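Novice:
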Amino acid sequence: MAMLEVKNLGISFGGLRAVNGFNVTIEKGQLYGLIGPNGAGKTTVFNLLTGVYRPDTGNIILDGQDITGKKTIEISKAGVARTFQNIRLFSKMSVLDNVKVGLHNHHVYSALAGILHTPAYRREEKIMNEKAMDLLKVFELDDAADTLASNLPYGKQRKLEIARALATDPKLLLLDEPAAGMNPKETQELMDMIRFVREHFDMTILLIEHDMKLVSGICEELCVLNFGEVLAQGKTADVLHNPQVITAYLGE
């Protein structure tokens, strides 16, 4: 069974077909790339997969479960997590607390327990602190646990955003241009980290990216969008040598 199966996904805004007939199948543990020119519909696809938008047509099946049209929180609990091109952290919260926000997806206690600091509340907080610190150690951020998220260097903010997404214990991780704003050294470190995340967490990853070195270096398969429709799809090497892709995306 595929981890993600998307069939005939589509949405229009004010008469403009932003995504039309989008199909993709991603197997468990696969690292899959979604590329295309600006305005091609890539982020719209992510917004459809995560419940930000409700599709006009099509179905989204996650690990055998139909999540089409569900609310964002329901899709998150079903096992989809994402990061954003423009990093979205709780900047005035600590690094540790940012990760704990993700853990609240699976740890619940009553408001009254939180106010009174009951034994149940203290037990849950202890468990979440330990889990959050374990995640921060994986990303070498444990020494900055008490630092405000906004005070981290840019590259470490990217790491923190991915750590927070993983704290929700997802089945599928969506990464929206994680290399945006990074220098070549940081991009190489990011590639190594994405490979590590897949292997260490047995994670299925769908990646939007413009950096062709990154895409060709880590993605096994690619889908190219152009004007909301699939232009090419398949093995990375085959797609990148497709004349239509070269013309429409690479501008050659």
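Each residue of the sequence shown is one higher than the one before, starting from 1 at the first, in UniProt numbering.
We treat Cβ as the ideally placed atom computed from N, Cα and C, and that holds for glycine.
Note that the coordinates shown come from a computational prediction; the quantities given were computed from them, not determined experimentally.
1. Between which two residues does the alpha helix (DSSP H) holding Val215 run?
2. Do you know how far the Cα of Asp97 is from the Cα of Val9?
3. How far does the alpha helix (DSSP H) with Gly33 in it extend, from its first residue to its last?
4. Does Pro178 pass the burial test, meaning 16 or more other C-beta atoms within 10 Å, or should it be called exposed?
5. Between the Cα of Gly234 and the Cα atoms of Leu34, Phe13 and Gly21, which residue gives the shortest distance?
6. Relative to the C-alpha of Ala81, which candidate in Asn151, Lys185 and Ala163 has its C-alpha closest?
7. With three or more C-beta pairs closer than 8 Å as the rule, is the region 149-163 touching the region 85-94?
8. Excluding the five sequence neighbours on either side, which residues of its own chain have a C-beta within less than 7 Å of the C-beta of Leu112, listed in chain order?
9. Pull the bridge partners of Arg158 from the DSSP assignment, please.
10. Out of Glu186, Asn86, Glu125 and Leu103, which one is the CA nearest neighbour of Ser76?
11. Let's test the definition: count the other Cβ atoms within 10 Å of the Cβ of Asn23 and tell me whether it reaches 16, buried, or not, exposed.
12. For residue 256, write down the residues that DSSP places opposite it in a beta bridge.
13. For Ser12, which three-state DSSP category applies?
14. How many whole angstroms separate the CB atoms of Met128 and Asp63, which I take to be in contact at a CB cut-off of 8 Å?
15. Between Val99, His200 and Asp238, which has its C-alpha nearest Ala144's C-alpha?
16. Looking only at its chain, what residues have a beta carbon closer than 7 Å to the beta carbon of Glu27, apart from the 5 residues adjacent to it on each side?
17. Rounded C-beta distance between Leu174 and Phe46? I'm assuming under 8 Å.
18. Less than 8 Å between the CB atoms is what I'm expecting for Thr187 and Leu214, so what's the real figure, rounded?
19. What are the boundary residues of the beta strand (DSSP E) that includes Asn38?
20. Check this for me: beta carbons of Gly79 and Pro170, under 7 Å apart or not?
21. Let's test the definition: count the other Cβ atoms within 10 Å of the Cβ of Phe196 and tell me whether it reaches 16, buried, or not, exposed.
22. When the Cα of Met212 is compared with those of Met203, Glu161 and Val224, which residue comes out closest?
23. Going straight from the alpha carbon of Thr236 to that of Val101, what length do you get?
24. Can you tell me which of the three DSSP states Ala165 falls into?
25. Gly58 lies in the beta strand (DSSP E); which residues open and close that run?
26. Between the Cα of Lys7 and the Cα atoms of Thr57, Phe13, Met191 and Ala40, which residue gives the shortest distance?
27. Arg198: which of Ile73, Gly29, Ala40 and Gln157 sits nearest, CA to CA?
Specialist: Reading off the structure:
1. Element bounds for Val215: Met212 to Ile218.
2. In the sequence under discussion, the amino acid at residue 9 is Leu, which differs from the Val named in the question. Going from the Cα of Leu9 to the Cα of Asp97 covers about 36 Å.
3. First-last for Gly33: Leu31 to Ile35, but that is the beta strand (DSSP E), not the alpha helix (DSSP H).
4. Classification for Pro178: buried.
5. Of the candidates Leu34, Phe13 and Gly21, the residue whose Cα lies closest to the Cα of Gly234 is Leu34.
6. It is Ala163.
7. Yes: at least three Cβ pairs fall under 8 Å.
8. Low local confidence applies: a pLDDT of 48 at Leu112 is under 50, so the model's placement there is unreliable, and no value is given.
9. Its beta-bridge partners do not exist; DSSP assigns none.
10. Looking at the Cα atoms, Leu103 is the closest of the given residues.
11. Label assigned to Asn23: exposed.
12. No statement about residue 256 is possible, as the shown extent of the chain runs from 1 to 252 and does not include it.
13. Strand.
14. Not really, about 25 Å apart at Cβ, beyond 8 Å.
15. From the listed residues Val99, His200 and Asp238, the smallest Cα separation to Ala144 is found for Val99.
16. Around Glu27: Ala2 and Met3.
17. Yes, Leu174 and Phe46 are in contact; Cβ-Cβ is about 5 Å, under 8 Å.
18. 6 Å between Cβ atoms; contact.
19. Run containing Asn38: none; DSSP gives neither H nor E here.
20. In contact: Gly79 and Pro170 (Cβ atoms closer than 7 Å).
21. Result: exposed.
22. Nearest in C-alpha terms to Met212, of all of Met203, Glu161 and Val224, is Val224.
23. Note on geometry: alpha-carbon atoms of Thr236 and Val101 lie some 35 Å from one another.
24. Three-state result, Ala165: helix.
25. Note, Gly58: beta strand (DSSP E), Thr57 to Leu62.
26. Distance check between Lys7 and each of Thr57, Phe13, Met191 and Ala40 places Thr57 closest, using alpha-carbon atoms only.
27. Restricting attention to Ile73, Gly29, Ala40 and Gln157, the CA atom closest to the CA of Arg198 is found in Gly29.
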